[in-house]
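Protein sequence lines correspond, in order, to chains A and B.
So that you can map any letter, position 144 of the first sequence is 144 in this note's numbering, and since no number is skipped, the others follow by simple counting.
Position in the second sequence (first residue = 1) + 188 = this note's numbering.
Encoded as structure tokens, the structure appears first; notes follow it.
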Amino acid sequence: MLEDYPKAIITKDGTQVLLRPLKPEDEGRLLKFFRKIPEQERWFLRDDVTDPRVVHEWVEHLDYARVLPLVALNEEEEAIIANLTLHRRPFGAWRHVGRLRIVVDPDYRGQRLGTWMLLDIIRLAMGLGIEKLVAEFVADVETAAIHAAHKLDFFKVATLPEYVKDREGRYHDLLVMIKNLHQDWSDF
Amino acid sequence: MGSDLGAGPSTHGREEVIETPLGPVTIRSHCPPGSFSMLELDEGIGHFAHYSSIIQKLEVFERVASSEGGNVTLALLNGRRIVGYGVCWYPDESERWAALGKLLYEMGALEVSRNFRRLGLAQKIIQLIMEDREFFAQKIAYMKGYSWHWDLDGSGLTIAQYRNMMIHLMKPYGFREYPTNEPNIAIREENLFLARIGERVSQEDRRRFRNLLFGVLED
């Protein structure tokens with residue numbers, strides 16, 4: 001399924017972008033990308049992505065069968081401008097479920113880049129036999145990502161009230177959103 | 189045939205006979221205009237509860253075969269009964285894909301009768317169409333996959349499985365999936381846009397195609 005990459009897309013403002021899986025040689029680009037993400041947003045990520053050791057660990061142990069990191073590159077600048085990861089389990093009760101995480105460079109938000117990446121991973125997930133995609137979003141913080149997910153028929157299945165804390169110690173709700181991938185006809 | 193983009197596919201029909209448990213099936217490409225009136229459609233092609241064939245009348249084959257660049261490839265049982273077909277044409281002028289003139293060429297429809305599936309006929313039909321190598325080397329061939337045309341009931345496949353089947357059917361011939369914002373494709377996430385860029389298509393035309401996928405038209 002990965003042989004169709006890189007895939008070329010064009011954002012709303014005409015930027016030429018390539019989508020492709022993360023490669024070991026992207027280490028420097030990925031670090032640079034995460035350092036552009038505002039600190040208040042990075043706080044909600046699962047790892048300290050500005051730590052070179054963390055990023056090095058990721059790119060050194062790429063295992064697309066468990067975690068597929070898809071990056072968007074500004075083709076002209078060869079800079080990573082978005083990162084989407086699809087986490088899955090190869091067997092057992094979770095093998096039909098994929099978990100998503102997406103981060104977009106603030107300079108490229110509002111360009112439908114996140115939507116294109118989500119759409120691409122949805123299509124890829126269909127090919128992988130995944131039936132449900134799950135994403136978690138921090139309410140009032142990841143507003144643009146929630147909006148993009150809504151547009152692609154992710155729906156909220158749970159709210160974990162006052163679940164995560166921001167840097168100032170204030171609690172925020174965590175939204176769990178799910179997309180059921182069509183396995184059968186739906187109304188059109 | 190020449191190498192300019194206006195040229196049509198070779199009009200020399202090719203033929204291959206496949207032995208099936210239901211009898212020998214002849215796959216014949218470039219069926220000429222005037223050759224369809226004596227044929228009949230198999231009962232497995234037509235109108236069903238949740239599925240309708242794209243082509244249900246012989247006149248459509250006649251029209252395609254008569255059009256510039258049109259190619260009708262048929263799978264025939266006993267030389268007379270149509271049990272499968274593949275039809276190709278230049279894109280309709282009302283569609284986005286016509287914006288690059290005759291650079292793009294559409295694999296318009298492909299179907300095998302419900303009674304003759306899983307015999308490898310679809311693959312043979314595509315294979316015969318794609319044997320026109322000189323023609324396809326200069327073209328961007330494409331296929332639109334609208335999920336509302338897929339025979340899920342008849343195939344017993346889910347949407348995701350059907351989608352994968354389409355991809356795997358076309359992949360050996362160099363087709364790959366391309367993202368596009370063309371509304372009819374983009375309206376449903378399972379819809380497909382597959383294309384194959386011929387090896388002699390210039391870098392400039394590749395760039396124009398890439399822009400076209402996202403509706404960027406040039407002067």
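Every residue, glycine too, gets a C-beta built ideally from N, C-alpha and C.
Query	Result
Span of the beta strand (DSSP E), counted from its first residue to its last, around W116(A)	First-last for W116(A): L113 to G127, but that is the alpha helix (DSSP H), not the beta strand (DSSP E).
Under 7 Å (Cβ pairs) to chain A, residues found in the stretch 325-351 of chain B	W336, L340, T346, I347, A348 and R351
Exposure label - D107(A); buried when at least 16 CB within 10 Å	exposed
Status (buried if at least 16 other CB within 10 Å, exposed otherwise) for K179(A)	buried
Every unbroken alpha helix (DSSP H) inside the stretch 228-271 of chain B [4 residues or more]	246-254
Stretch pair the stretch 58-72 of chain A + the stretch 14-27 of chain A: three plus CB contacts closer than 8 Å	yes
A79(A) - DSSP class collapsed to helix/strand/coil	strand
Opening and closing residue of the beta strand (DSSP E) in which T159(A) lies	F155 to K165
Through-space distance from D339(B) to I385(B), alpha-carbon basis	28 Å
Opposing strand residues paired with G333(B) [DSSP bridges]	L380(B)
Reference S225(B), options H218(B), I375(B), E319(B) and E250(B), closest by Cα	E250(B)
is_contact[W185(A), chain B] using C-beta, thresh 9 Å	Reliability fails at W185(A), whose pLDDT of 45 lies under 50, so the model's placement of it is uncertain and no value is given.
Own chain, CB closer than 6 Å to I9(A), minus 5 neighbours either side, in chain order	V17 and W116
Chain-order list of residues whose beta-carbon lies under 6 Å from that of P69(A) (same chain, five-residue window excluded)	L22 and T85
Straight-line Cα distance separating R376(B) from M238(B)	Note on residue identity: the sequence assigns His, not Met, to residue 238(B). The alpha-carbon atoms of H238(B) and R376(B) are separated by roughly 18 Å.
Proximal residues of chain A, C-beta to C-beta of N399(B) below 8 Å	I10
Residue-chain proximity (K132(A), chain B), Cβ-Cβ < 9 Å	no
Contact list for the stretch 103-123 of chain A against chain B, Cβ threshold 8 Å	W116, L119, D120, I122 and R123
Local conformation of Q349(B) per DSSP, three classes	helix
CB contact check: R302(B) to chain A, cutoff 9 Å	no
Neighbour-count burial assignment, N259(B), 16 or more Cβ in a 10 Å radius	buried
Limits of the unbroken beta strand (DSSP E) element including E299(B)	L292 to V300
Any 3 or more C-beta pairs closer than 8 Å across the stretch 124-137 of chain A and the stretch 79-99 of chain A	yes
Touch test, the stretch 285-293 of chain B against the stretch 209-227 of chain B, Cβ-Cβ under 8 Å, three pairs minimum	no
Contact residues within the stretch 21-33 of chain A, judged by C-beta distance below 7 Å to chain B	none
Residue-chain proximity (I355(B), chain A), Cβ-Cβ < 9 Å	yes
Local Cβ density within 10 Å of Q391(B), reported as buried at 16 or more and exposed below that	exposed
CB of V271(B) within 9 Å of CB of A297(B), strictly	no
CB of E299(B) within 9 Å of CB of I243(B), strictly	yes
Whole-number beta carbon distance between F33(A) and T50(A), since they are thought to touch under 8 Å	Not confirmed; about 10 Å, so no contact.
Contacts that D4(A) makes with chain B (C-beta to C-beta distance below 7 Å)	R364 and E365
Short CB-CB distance (under 9 Å) between M177(A) and chain B	no
Neighbouring residues, chain B, relative to G127(A) (Cβ below 8 Å)	A348, R351, N352 and I355
Outcome for P90(A) when other beta-carbon atoms lying within 10 angstroms are tallied against a minimum of 16	exposed
Spatial neighbours of K31(A) in its chain, beta-carbon cut-off 7 Å, leaving aside the 5 residues before and after	Reading off the sequence, residue 31(A) comes out as Leu, not Lys. So the qualifying residues of the chain are P52 and V55.
I206(B): first and last residue of the uninterrupted beta strand (DSSP E) it sits in	E203 to T208
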